[in-house]
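Here the sequence shown stands for residues -20 to -1, 1 to 157, numbered as in mature numbering (1 follows the signal peptide of the UniProt record, and there is no 0). Glycine included, C-beta positions come from ideal geometry on N, C-alpha and C. Read the structure below first, then the notes.
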Amino acid sequence: MLAFSSLSVTAAIFIAGAHASPTFYPDVTLAPGLPSFESLGLTTKDLYTKPPVSSSSSSLEARSSNAQCVSAPEANGSVDGAIACYNILARMGDASCPVPDNNRIFCSVNDIVVIGTNTNHISGGTSSSCGDVALAVQYIFNHCNVGGRVSGVAVANGNGNLMVGVYNKNYPSLPVS
Ligand SMILES: *[C@@H]1O[C@H](CO)[C@@H](O)[C@H](O)[C@H]1NC(C)=O
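Written out as structure tokens, the structure reads:
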């Protein structure tokens, strides 16, 4: 279980190193109402130059272990974007990441979207902490990364009503409504 968190930290450090002195940073889009970069004390540049936050607990990550990788060809996007979304959501920590209706795009970086789905159609929506959504994203990029491309779904830690998906933003079968 420890291997999971050290894997992801290694991956994130690799990404940070690969972009040590970029002159161009990707567009990051966060769902309205989530903590802003400013409130997190972050700029998009920081995602590539600050060390990533580590997973709060590898045993918590393991609770997302019903993850399923999505193998449809057009579903995958670059793992870099998934790791960047993980870093943002993990820094939001205990802040709420609600899905007020059926689906919601929490975070979009490059060709990646992180989508939350109210999978049991709970009236009034469902919500987890952004840190728990981040753990699902981490599980997906640790277990569904094929040659730097990733797509998969996993429940937000401890909340079977909130399914977290990582997809290519142009995937024709995105679970958005
Ligand atoms: C990712 O999607 C591309 C474009 O559809 C496809 O050619 C490729 O095989 C996919 N890669 C994986 C690992 O599924």
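Alpha helix (DSSP H) segment containing N67, residue limits: 59 to 72
Straight-line CA distance for A75 to A55? 28 Å
Assigned exposure category for I102 - 16 Cβ within 10 Å defines buried: exposed
So, helix, strand or coil for A42, using DSSP? Unreliable placement is indicated for A42, whose pLDDT of 47 sits below 50; no coordinate value is reported for it.
Residues near N100 in its chain [Cβ-Cβ closer than 7 Å; skip 5 each side]: N141
Report, in whole angstroms, the separation of the C-beta atoms of C65 and C49, which I expect to be a contact under 8 Å. No, C65 and C49 are not in contact; Cβ-Cβ is about 17 Å, not under 8 Å.
Round the Cβ separation of R129 and S58 to the nearest angstrom and send it over; I've been treating them as touching at under 8 Å. 7 Å
Please list, following the chain, all residues that have a C-beta closer than 5 Å to any non-hydrogen atom of ligand 1. P53, E54, N56, V126, R129
Ignore the nearest five residues each way along the sequence and tell me which others in S153's own chain have a CB closer than 8 Å to its CB. A52, A55
Confirm, please, whether the CB-CB distance from A136 to A70 is below 8 Å. no
Work out the CA separation of Y147 and G132 for me, nearest whole Å. 7 Å
Do you know how far the Cα of I68 is from the Cα of G21? 11 Å
Among the candidates G111, K149, G13, D60, whose CA atom is the shortest distance from the CA of G127? D60
Measure the CB-CB distance between G105 and V79 and report whether it falls below 8 Å. yes
Between which residues of its own chain and D91 is the CB-CB distance below 8 Å, once the five residues before and five after are set aside? G57, S58, G61, N148, K149, N150
If you count every other CB in all the chains shown that lies within 10 Å of the CB of G13, and 16 or more means buried, which is it? exposed
With which residues is L10 paired in a DSSP beta bridge? C87
T3, DSSP secondary structure in three states: In this prediction, T3 scores a pLDDT of 49, lower than 50, which makes its location untrustworthy; the coordinate-derived value is nonetheless stated afterwards. Coil.
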